[in-house]
Structure formats: structure tokens, C-alpha cells
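Below you'll find the structure, written out as C-alpha cells, and then a few comments.
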Amino acid sequence: MSETAVKTYTRADFSSDQSVRWCPGCGDYAVLAQTQKVFPDLGVAKENFVFISGIGCSSRFPYYMDTFGFHTIHGRATAIASGVKLSNPDLSVWVVTGDGDGLSIGGNHTIHLLRRNLDINVMLFNNRIYGLTKGQYSPTSEAGKVTKSTPFGSLDRPFNPSTLAMGANSTFVARTIDKETKHMQEMIKRAYGHKGTSFLEIYQNCNIFNDGAFAPLTDKGTKSDKVLRLENGQPMIFGVERTKGIRLDGNTPVVVDIGDKWSLDDVLVHDESDYVIASLLSNLTYQHDFPDPIGVIYAIDAPTYEDLMVDQINAAIEMKGAESVQKMLNAGDTWVVE
Amino acid sequence: MSKTTQKVDEVVIRFAGDSGDGMQLTGGRFTETTAIVGNDLSTLPDFPAEIRAPAGSLAGVSAFQIKFSSKDIHTPGDEPDILVAMNPAALKVHQKEIRPGGTIICNANAFSAKNLKLAGYESNPLEDGTLDDYYTLYSIEMGKIVGLACEDMGLPSKTIDRTKNFFALGLLFWIYDRPRQSTKDWLKVKFGKRPELVESNIRALDAGYNYGETTEIFTTRYTVDKASLPPGTYRNVVGNYALSLGLAAAAEKSGLELFYGGYPITPASDILHALASWKHLGIKTFQAEDEIAGVASAIGAAFAGNLGITATSGPGVALKGEALGLAIIAELPLVIINVQRGGPSTGLPTKTEQSDLLQAMYGRNGEAPMPVIASATPGDCFYVAYEACRIAVKYMTPVMILTDGYLANGSEPWQVPELDKLKPFDVKFADKEQLADGQFLPYLRRKDTLARPWGIPGTEGLEHRIGGIEKEDVTGNVSYDPDNHHHMVETRAKKVDTIAQEFGPTDIFGDVSGDLLILSWGGTKGSCLSATESLQADGKKVSHVHLRWVHPFPNDLGEILIKFKNILIPEINFGQLIKMIRAEYLVDAKGLNQVRGKPISSSDIQQAAKDLIG
Numbered sequence: 532m533s534e535t536a537v538k539t540y541t542r543a544d545f546s547s548d549q550s551v552r553w554c555p556g557c558g559d560y561a562v563l564a565q566t567q568k569v570f571p572d573l574g575v576a577k578e579n580f581v582f583i584s585g586i587g588c589s590s591r592f593p594y595y596m597d598t599f600g601f602h603t604i605h606g607r608a609t610a611i612a613s614g615v616k617l618s619n620p621d622l623s624v625w626v627v628t629g630d631g632d633g634l635s636i637g638g639n640h641t642i643h644l645l646r647r648n649l650d651i652n653v654m655l656f657n658n659r660i661y662g663l664t665k666g667q668y669s670p671t672s673e674a675g676k677v678t679k680s681t682p683f684g685s686l687d688r689p690f691n692p693s694t695l696a697m698g699a700n701s702t703f704v705a706r707t708i709d710k711e712t713k714h715m716q717e718m719i720k721r722a723y724g725h726k727g728t729s730f731l732e733i734y735q736n737c738n739i740f741n742d743g744a745f746a747p748l749t750d751k752g753t754k755s756d757k758v759l760r761l762e763n764g765q766p767m768i769f770g771v772e773r774t775k776g777i778r779l780d781g782n783t784p785v786v787v788d789i790g791d792k793w794s795l796d797d798v799l800v801h802d803e804s805d806y807v808i809a810s811l812l813s814n815l816t817y818q819h820d821f822p823d824p825i826g827v828i829y830a831i832d833a834p835t836y837e838d839l840m841v842d843q844i845n846a847a848i849e850m851k852g853a854e855s856v857q858k859m860l861n862a863g864d865t866w867v868v869e
Numbered sequence: 033m034s035k036t037t038q039k040v041d042e043v044v045i046r047f048a049g050d051s052g053d054g055m056q057l058t059g060g061r062f063t064e065t066t067a068i069v070g071n072d073l074s075t076l077p078d079f080p081a082e083i084r085a086p087a088g089s090l091a092g093v094s095a096f097q098i099k100f101s102s103k104d105i106h107t108p109g110d111e112p113d114i115l116v117a118m119n120p121a122a123l124k125v126h127q128k129e130i131r132p133g134g135t136i137i138c139n140a141n142a143f144s145a146k147n148l149k150l151a152g153y154e155s156n157p158l159e160d161g162t163l164d165d166y167y168t169l170y171s172i173e174m175g176k177i178v179g180l181a182c183e184d185m186g187l188p189s190k191t192i193d194r195t196k197n198f199f200a201l202g203l204l205f206w207i208y209d210r211p212r213q214s215t216k217d218w219l220k221v222k223f224g225k226r227p228e229l230v231e232s233n234i235r236a237l238d239a240g241y242n243y244g245e246t247t248e249i250f251t252t253r254y255t256v257d258k259a260s261l262p263p264g265t266y267r268n269v270v271g272n273y274a275l276s277l278g279l280a281a282a283a284e285k286s287g288l289e290l291f292y293g294g295y296p297i298t299p300a301s302d303i304l305h306a307l308a309s310w311k312h313l314g315i316k317t318f319q320a321e322d323e324i325a326g327v328a329s330a331i332g333a334a335f336a337g338n339l340g341i342t343a344t345s346g347p348g349v350a351l352k353g354e355a356l357g358l359a360i361i362a363e364l365p366l367v368i369i370n371v372q373r374g375g376p377s378t379g380l381p382t383k384t385e386q387s388d389l390l391q392a393m394y395g396r397n398g399e400a401p402m403p404v405i406a407s408a409t410p411g412d413c414f415y416v417a418y419e420a421c422r423i424a425v426k427y428m429t430p431v432m433i434l435t436d437g438y439l440a441n442g443s444e445p446w447q448v449p450e451l452d453k454l455k456p457f458d459v460k461f462a463d464k465e466q467l468a469d470g471q472f473l474p475y476l477r478r479k480d481t482l483a484r485p486w487g488i489p490g491t492e493g494l495e496h497r498i499g500g501i502e503k504e505d506v507t508g509n510v511s512y513d514p515d516n517h518h519h520m521v522e523t524r525a526k527k528v529d530t531i532a533q534e535f536g537p538t539d540i541f542g543d544v545s546g547d548l549l550i551l552s553w554g555g556t557k558g559s560c561l562s563a564t565e566s567l568q569a570d571g572k573k574v575s576h577v578h579l580r581w582v583h584p585f586p587n588d589l590g591e592i593l594i595k596f597k598n599i600l601i602p603e604i605n606f607g608q609l610i611k612m613i614r615a616e617y618l619v620d621a622k623g624l625n626q627v628r629g630k631p632i633s634s635s636d637i638q639q640a641a642k643d644l645i646g
């Protein structure tokens, strides 16, 4: 991407003239604000940003960013974004999606984008509920969830977005929380900086249909015990006094108290490039005895699809020479009628 | 002994055998050679959906028909003059369609007790005399002869047996006096790394040719003079390949990069294959995870300024429906190709049908008008593809191309197009010049085409948002205003109707008025034209009009229709164009409708015409 002579922008440069129509108190506002704060610092010419979304509350996001934007159809944002990126690899392409749009109706496109590793940034707003259709359970809602469509409790077992992403051969998996604004800014920057598909899950509170879904992770009294802040190369410790840690007992993670029996040296050290650690971390969600990890769970370098595609095209041109279609029309067994 | 040579105007040959017998390849070689010889020709491959149905079974029969002529022909022929049947199943499936008095050439070695039983024969038809009253039967031990021809090569007998299709080809080359050299050259390229296969197949080819030359069984050779085609350079072309070339030509002429997103589906996959092999043209192909992602990626490409293309068949169009609505409301250029096949559901994947016209017209939610253009012949697929791309960009609209399995896999001699002579295809993206008070207005339309500007990401000052929610005209902002919605629905429809200004006066084959007008669209053109020629030769007052664009209709169509006492619309469906014609023009058109997985024959059309006008 050309980063020469990029203008200096402010947050206001990224606010469109459309009034924001999310419910007052919605977690989406925080994501929009952090994105608009971070974007001026990315060194990208504004016209090179493109936001693609599907359907859902989060998918209104592009209307509020003063960048190129395309609010498309349910579940297909990642597929449409793939076409955008392959058409013009110089663009900085962002997908905004949700747990319904990106994991239910669009689950197929999400996993295939992740495995192909196009340099696209996916922000998945996970509020564990369907908001726009007014409160049905989603693929990330906890089992037994009572909603309008499941008055006796949902029978579905939820899945875990980051585990899905790991299973899809992602090269970048991270998580943040709507109320952790500074952390979110950092994660948006990391997602942008990753060359390849970055999958950023954002825990986002739907204060209308699923209020408090992440309260233990955001309330002052509990969050120290319920959130594990991942930092590359650092031991996985948490708790008010930072005296709890994650230790591996064989292949099983356990929570230990650092003190008499266990020392800091016994605690697992985060390594973003370690597939096993990342898989293990991605699985801690929905387990009540464990804190939810936030931060970069996994990040590795791998060739992007668009680079490989351009390489193939260039190699073919080098081998055969850039050709006119006329030559191909004239090729094969031809004969002349006089 | 002396052999006589007889001149004939046209011949229809059908090669039929087991899926593993190489009948498509044999037909393909005969076609290429026939093209080089200078005959006009038309082909109809007919193969099963199963890749390898059980050997010898009726389900596994694969066939290839070619008609070639010294005259200008329009169809692959109705009834074969010659059937080459490589096994009992092939004979069983195709025997009833041979012209009475026609010729059957069989590979006697395949008529084993087991194969006869698989084909459902109680006795061997080559020996029990059942065929002799109706046909000239040649029972030849092809397997045995190629075995002898390759005896000293030390090859496994199975490998040698697989050359018997080239024996049949060689024999047919002798009967119809065609050269062998191009096939030998082709074999050398095809099996370049396996010289023993080049050698064994050439020996089989020569053995077949010499069999005709030396045995006393065949006494007559036939010659078919060159067809008098318009001067120019010709090649033989298959529909899907011509279509792919048309897309590539559109990209080159417009200067747009071509992005193809699609998912493999019979009978459209060869378009993906062709484009994927043309990387040196800068063409990008993306095999998506499903049909929806195929069209979605193409829409993304169109949004970003590429020529977005997707191809599929009917079931794929069903899946793409919602996305097509998005392309319509977003008013983005996009070309969707439907290579139609038998339906519904999986239907007849390898057989032809024209039953997706109404799907193309109406298969979306809401008022979602889309221009529809249909190819008439394999070679026409090139021009249709080019025209669809040109119109899509000029009018900022998705365009649907309808071809079908017959056009996609069929072939014909084709005058090589010259890019310089195609209509100009200029593209101008919106830029800062078009800002109004510093603002880009994505739905500010041109007056002549109603097209909106194409403002692509990466263009400074043009940052804007579009989407699937109804938009305010001019600004493109989300709007739920009732009058605006009415206006936008009307405008999108009007824009598509405006495309009719591109068409010249409709060609009428025959008089401008008369007893009967045969009206066709798509791949039935050839049969309708042939039927019309015959009827006119009989002195009937019959004319033919073919529709290239099915939506919008040509502006002069209504005036043409009312000048005929009767209208006949032959279609390989249960009456689709006819519904549109009757609804639009309130004329009492009659249909000829068959869905048998193959083209409607010219003779059936003639009969239907006679039933109408006597």
C-alpha cells in the first residue's frame, strides 16, 4: 500500500454526515468511536479504506464511517470483501459483522476467508444475541438461553468464534471488549498491521436484548478475576492482586494461585505464534472456572492470497508474454475461406 | 476391387459408446478435421452425468453427433445417417433414432454375453437379423484388429484396447475422405510424454483407415464439398470457449481488469477452466466456496472497479438470487452467465433445456428487473458475452446471459472475430471533477442511459456508502420515503427498458407479413431457421424472427407480431417466452414445447407449423 504523502487526518475526517441510529447505550458506539480514533494514525489515505458489511445492527457501521462503504446482504460481507480486495489489493478492506451475520448465515464465507488469508480485517461484534430481528438466540448464545424463539430455553450448544477461527487455519485471532476502549484501539491497530486475514472478535453488549452478557468481564468488582489479558512473551496471570495464573497440568489448563505451591515460573507464558497455546486459549470461553482471554490469541506470518494471485499472473505474463485476445482468437487450427 | 465415390450434400454421424470409450474425444477430432476440410458443421455432445457409470450399462452411454455439409447449416441434425456403436448399450440407446435405411458400424468384440445382458438384449442384434431389414450393418472386430496392429509393441492389452476409438475414427475418415495428419499431430501433443500411446493410437487410426481402403466390405466413399462460407479466417469453436473469449475481449477493449468469481457446476465449469488458464491476460479467477460467494465476490469486484463476472447453471442462479437483487439496487455492472440444463433441482445436469428464462426474468424478491441476452449458436456466445459486458457497464446494471448445455458444448465453424471491428467499449470512472459542492453523488444519473456514475474505492474525494437498503435518488443515502421508493423502482425498470435503444431494427427472415411467424430465442434458433427455410421452399408464407435480447424486447417487436396470422414459439421448456409475449403484446401465440434434454428438431417445428397453417 502506498503510504507516501498521506494527508494528516483527525477523527472527524472519518465521521460521515449520517446520524448514528443504534440504540442509546449500545456497545457498537464504542467500537465506532475507537475505529474513528485509530484510523488517522494508520497512515492510509482515506480513499483507500473500504468497509463492507452484511446485515445486522453492526452492519450499519459503514454508513457512519466517511470512507468507501458497502452495506450488502446477510452473511456475504466476507465474500464481497474478497472480491473487493482481489480487484484492488492496494485497498485497506474492513469487514464489520456479527455473531449472526458472520457465524450463522455467513459462517461458510467466514471460514473460507480465514483459510485463504486475504489481507482483510474482520471485526466480529459478538453480543450473543440477534439484535436487529429483536432478540432471538444466536450461535454464540449460551445453551438454555431463553429468548422469543426459545421460550423453553435454546437446545443449541454454542460455538466459540476464536476456536472456529483457529480451526479454519486463521493467521490472526484476537479478542477485545467494547468497554475496554484502550485495549480495543490497540487490537484494531494490531489487526490492521497483520498482513493476512485478521479476525478480531469484540464482545459487545446489547443493552436491549442481552444486557449484561459480559457484565462479569466489565464490572469493576469481577473483571480482574474474569479477564485474562494476553501479552506476548508474558506469563498468563490475572486477579485483583495478579496472583492467579494459568498452568498446564499435562495438556489441561488449570487455574493456580501463585504463592506457596506454585510460582510465576510454573505459569504458562503466552506465545502468539504457538498454535497449541492459541487453540487452548481460544477454548477457555464458556468455561466458568476460567477467565476469558483478551488480546492477540494467535498471529503468524503466511502468504496472502492476493500476493500469490498477483505472483501467478506476473509469472504467466513473464512466461507467455502479455498477449492480445486477438492472438488467442487466431490460435488453434484455422483455415481461410477465400 | 474398385471403390466408387459419391458426392453428398450433408451427413449426420453419431459416435456412441461407453463413457470410457472416448467418444467425446473421437467426435472432437472428427469435428476439427471436418472444419479444416471446409464443411459447415454443427455438433451435439450428449454425455451422462455420471463420470464413470458401470461399464457397459445403458446409463454409461456417451454420444457425440456431428452434422456437416457443403451448405450453410444451422443444427446438428435430427436423425443420424451413421451410428458408430462401440458396445451393445450404445446400440440399444441410439438405434431407434437412426434414419431408416441408415448405417450402423459396431465394434463386434464388445458384443459379449455380459455386455448384451447389461444392455438388455436377449440375443445378439449383430447376428439375429433384427437390424438387417432397416439398416446397413457393419460388424467389425475393432478390438481384435487394433490388438493385431499393436501386437509387437509390448503394451498391456487393456492399453491397446483403448485405441479402438481411433480405429473407428480412421474408418470414418476413410469413408468421408478426410485427412489424418492433424489428428496425428494432435496425438503427438496430447501424449507427448507417452510416445508409446502416440504410436499405438496412430496405428489404430491407420488400421481403421486402411480397413476401409482394403477390405471389400466398404465399396463407397463419400465426399462433401466445401461449404461456401463468407470469406475470412475460420476456426471451429465450442460455445463455452467462445463465451470465455468474449469476456476476455470485453476486458481488453474496455481496459477493465476481469474478475471471475464462481463455483464449479455442469455445464458451466469450462468457462472457469478457460479463464483460469489465461492468467497471462491478467484475468483473475476465484473459485469460491459456494455459488453465493461466487457472485458476491464478483459484486465486490464490480464495486471496486473490475469487470465482475460469474457463471453457473440454473441451480446456481437460484442460490445467487438475493445477491443479484443487491447488484440491481446497488446498480453495479455485473455479468451472470446461466448455462441452462434440465431442471428442476439437479434435474438433468448434462442435458440441455431452456427452462430458466422466467427465473432470469423474475427469480428475485421485489421488483428486480434485469436485462437478459441469449446466445443463438456456439460462436454467438462470443458476441453475446461481449455485448452483455458492454451493456452492463454502460447502463450500470447486472446483465444475465442465457446459454444452454447444447450451445456450451456444441461447436461450429466460426469466422474469427476482429477486435477492432467490435463496438467501442469505453469506460470512465467518476473522479473529483464530478463532485458537486465537494460531494460525490453516487445516484446522479446520465440522462441518456439513466446510468449512475461508477465511483470506485481508491479515488480521492469520492468516499461514499451504498447498500441494499433503498436509497434516495441522487445522493444514495438510505431512504424509507414512500415516494422515493416508488420513483426508484420505476427508474430501475425504465433504465433496463432504455437498453432497447441499442438495438437496430429486428431482422425478419422472410416476408414482413404472412401466415406464420416462428419466434425463437436462444439455442433453438438453428432448428427454427432450418424449419423456416424448408417451409418457405414448400411455398408457405412463413417468416422467422429470433430474439437476441429477451429483456427488454426490441421496440419494433409488437408491430412485427401483428402482421402475421399465426405465431409459433418453439421452446425447450413448457412455455416461458410465450407467457412473456402474450402478456406484453396480447397476441394468441402458440407454443411447441419439448423437454427431452435435446434440441427441438427442425422436422418437429415444420410439423407444428403445418398443423397451424395447413
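Those protein sequences? They're chains A and B, same order as listed. All the letters of the first sequence, read from the start, carry residue numbers 532 to 869 under the working numbering. All the letters of the second sequence, read from the start, carry residue numbers 33 to 646 under the working numbering. Note that the Cβ used here is the ideal one computed from N, Cα and C, for glycine as well.
Test item: CB-CB of ASN658 (chain A) and ASN763 (chain A) under 9 Å: Walking along the first sequence from the start, residue 658 (chain A) turns up at place 127. Walking along the first sequence from the start, residue 763 (chain A) turns up at place 232. Taking 9 Å as the Cβ cut-off, ASN658 (chain A) and ASN763 (chain A) do not qualify as a contacting pair.
Local conformation of CYS560 (chain B) per DSSP, three classes: Mapped onto the second sequence, residue 560 (chain B) falls at position 528. Three-state result, CYS560 (chain B): helix.
Closer than 9 Å at the beta carbon, the chain B residues around GLY863 (chain A): Mapped onto the first sequence, residue 863 (chain A) falls at position 332. Ordered by position in chain B, the residues that pass the 9 Å Cβ test against GLY863 (chain A) are GLU64, ARG267, ASN268, VAL269.
Closer than 9 Å to chain A by CB, PRO80 (chain B): Counted from its first residue, the second sequence places residue 80 (chain B) at position 48. No, because no Cβ of chain A sits closer than 9 Å to the Cβ of PRO80 (chain B).
Start-to-end residues for the alpha helix (DSSP H) that takes in ARG61 (chain B): Translated into positions along the second sequence, residue 61 (chain B) becomes position 29. Residues 55-69.
When B:LYS196, B:LYS149, B:LYS146 are compared against ASN139 (chain B), the one with the closest alpha-carbon: Counting from one through the second sequence, the residue named residue 139 (chain B) turns up at place 107. Of the listed residues, the one whose Cα sits closest to ASN139 (chain B) is B:LYS196.
Candidates A:LYS720, A:GLU803, A:PHE580: closest to ASP832 (chain A) by CA position: Position 301 of the first sequence, counted from the start, is the residue given in the question as residue 832 (chain A). The residue with the shortest Cα to Cα distance from ASP832 (chain A) is A:GLU803.
Option nearest ASP539 (chain B) by Cα separation, candidates B:LEU494, B:LEU593, B:GLY499: Indexing the second sequence from 1 puts residue 539 (chain B) at position 507. ASP539 (chain B) has its Cα closest to that of B:LEU593, out of B:LEU494, B:LEU593, B:GLY499.
Residues of the segment 494-519 of chain B whose Cβ lies closer than 8 Å to any Cβ of chain A, in chain order: LEU494, GLU495, HIS496, ARG497, ILE498, GLY499, GLY500, ILE501, ASN509, VAL510
Buried versus exposed call for GLN565 (chain A) [16 or more other C-beta atoms within 10 Å across all chains shown]: Working through the first sequence from its first residue, we reach residue 565 (chain A) at position 34. It counts as buried.
Completely contained alpha helix (DSSP H) runs for the segment 163-233 of chain B, where each covers 4 or more residues: 174-181, 189-193, 196-207, 213-222
Below-9 Å beta-carbon distance, LEU622 (chain A) vs any chain B residue: Walking along the first sequence from the start, residue 622 (chain A) turns up at place 91. Taking Cβ atoms only, chain B reaches closer than 9 Å to LEU622 (chain A), which makes this a yes.
Simplified DSSP assignment, three categories, for VAL44 (chain B): Stepping through the second sequence from its first residue, residue 44 (chain B) is reached at position 12. Looking at VAL44 (chain B) - three-state DSSP - the assignment turns out to be strand.
Contact set between ASN579 (chain A) and chain B, taken where Cβ atoms lie within less than 8 Å: Along the first sequence, one-based indexing puts residue 579 (chain A) at 48. Within chain B, the residues near ASN579 (chain A) are PRO489, GLY490.
Contact set between the segment 212-228 of chain B and chain A, restricted to residues whose Cβ is under 8 Å from the partner: Within the segment 212-228 of chain B, the residues whose Cβ lies closer than 8 Å to any Cβ of chain A are, in chain order, SER214.
Cβ-based neighbour list, LEU163 (chain B), same chain, cut-off 6 Å, excluding 5 preceding and 5 following: Start at 1 with the first residue of the second sequence, and residue 163 (chain B) comes out as number 131. Cβ within range, chain order: PRO157, LEU169.
Own chain partners of ARG646 (chain A) with C-beta closer than 7 Å, once the 5 adjacent residues on each side are dropped: Taking the first sequence and counting its residues from 1, the one referred to as residue 646 (chain A) is at position 115. Close CB contacts of ARG646 (chain A) within its chain, under the 7 Å cut and outside five residues either way in sequence, are with ALA699, ASN700 (chain order).
N- and C-terminal bounds of the beta strand (DSSP E) containing TYR806 (chain A): Taking the first residue of the first sequence as 1, we reach residue 806 (chain A) at position 275. Run containing TYR806 (chain A): none in the beta strand (DSSP E); it sits in the alpha helix (DSSP H), 806-813.
Within the segment 498-562 of chain B, ranges of the alpha helix (DSSP H) (whole runs, at least 4 residues): 514-530
Chain A contacts made by the segment 325-350 of chain B, where a contact means CB separation under 9 Å: ALA325, GLY326, VAL327, ALA328, SER329, ALA330, ILE331, GLY332, ALA333, ALA334, PHE335, ALA336, GLY337, ASN338, GLY340
Assumed close pair ALA26 (chain B), GLY555 (chain B) - CB separation to whole angstroms, cut-off 8 Å: Here chain B covers residues 33 to 646 and nothing more, so residue 26 (chain B) does not appear.
Beta-carbon separation (whole angstroms), VAL528 (chain B) vs HIS583 (chain B), contact threshold 8 Å: Position 496 of the second sequence, counted from the first residue, corresponds to residue 528 (chain B). Position 551 of the second sequence, counted from the first residue, corresponds to residue 583 (chain B). That belief holds up - the Cβ atoms of VAL528 (chain B) and HIS583 (chain B) are roughly 7 Å apart, short of 8 Å.
Beta-bridge partners of PHE592 (chain A), as assigned by DSSP: Against the first sequence, residue 592 (chain A) aligns to sequence position 61. In the DSSP assignment, PHE592 (chain A) forms no beta bridge with any residue.
Neighbour flag for PRO263 (chain B) against chain A, beta carbons, 9 Å: Counting from 1 along the second sequence, the entry for residue 263 (chain B) is found at position 231. Taking Cβ atoms only, chain A reaches closer than 9 Å to PRO263 (chain B), which makes this a yes.
Among A:SER755, A:GLN549, A:ALA608, A:VAL562, nearest to VAL581 (chain A) - alpha-carbon criterion: As a position in the first sequence, residue 581 (chain A) is number 50, starting the count at 1. Out of A:SER755, A:GLN549, A:ALA608, A:VAL562, A:ALA608 has the C-alpha closest to the C-alpha of VAL581 (chain A).
Span of the alpha helix (DSSP H) around LYS851 (chain A): In the first sequence, residue 851 (chain A) corresponds to position 320, counting from 1. First-last of the alpha helix (DSSP H) with LYS851 (chain A): 836-851.
Cβ of THR539 (chain A) within 9 Å of any chain B Cβ: As a first step, residue 539 (chain A) is located in the first sequence; it is residue number 8 there, counting from the start. Not one chain B Cβ lies under 9 Å of THR539 (chain A).
Under 9 Å between C-beta atoms of LEU482 (chain B) and TYR427 (chain B): The residue you call residue 482 (chain B) lines up with position 450 of the second sequence. The residue you call residue 427 (chain B) lines up with position 395 of the second sequence. Yes, Cβ-Cβ distance for LEU482 (chain B) and TYR427 (chain B) is below 9 Å.
Collapsed DSSP secondary structure at GLY340 (chain B) in the structure displayed: Here residue 340 (chain B) refers to the residue found at position 308 when the second sequence is read from its first residue. Strand at GLY340 (chain B).
Neighbourhood of MET432 (chain B) by C-beta distance below 6 Å, restricted to the same chain and skipping five residues each side: By 1-based counting over the second sequence, the position of residue 432 (chain B) is 400. Within the same chain, MET432 (chain B) has close Cβ partners ILE368, ALA392, MET402, VAL404.
Three-way DSSP call (helix, strand, coil) for ARG84 (chain B) in this model: As a working mapping, residue 84 (chain B) is identified with position 52 in the second sequence. In this structure, ARG84 (chain B) counts as coil in the three-state DSSP scheme.
Reduced DSSP category for GLU603 (chain B) - H, G, I as helix; E, B as strand; rest coil: Against the second sequence, residue 603 (chain B) aligns to sequence position 571. If DSSP states are grouped into helix, strand and coil, GLU603 (chain B) belongs with the strands.
Cut-off 6 Å between Cβ atoms - residues of its own chain near SER623 (chain A), not counting five sequence neighbours on either side: Indexing the first sequence from 1 puts residue 623 (chain A) at position 92. VAL575, ASN579, PHE580.
Backbone secondary structure at LYS775 (chain A) - three-state DSSP: As a working note, residue 775 (chain A) is residue 244 in the first sequence. Assigned with DSSP and collapsed to three states, LYS775 (chain A) falls in strand.
LYS464 (chain B): first and last residue of the uninterrupted alpha helix (DSSP H) it sits in: As a first step, residue 464 (chain B) is located in the second sequence; it is residue number 432 there, counting from the start. Premise fails: LYS464 (chain B) is in no alpha helix (DSSP H) and is neither H nor E.
Minimum Cβ-Cβ distance from VAL873 (chain A) to chain B less than 9 Å: With chain A covering 532 to 869 only, the question about residue 873 (chain A) has no answer from this structure.
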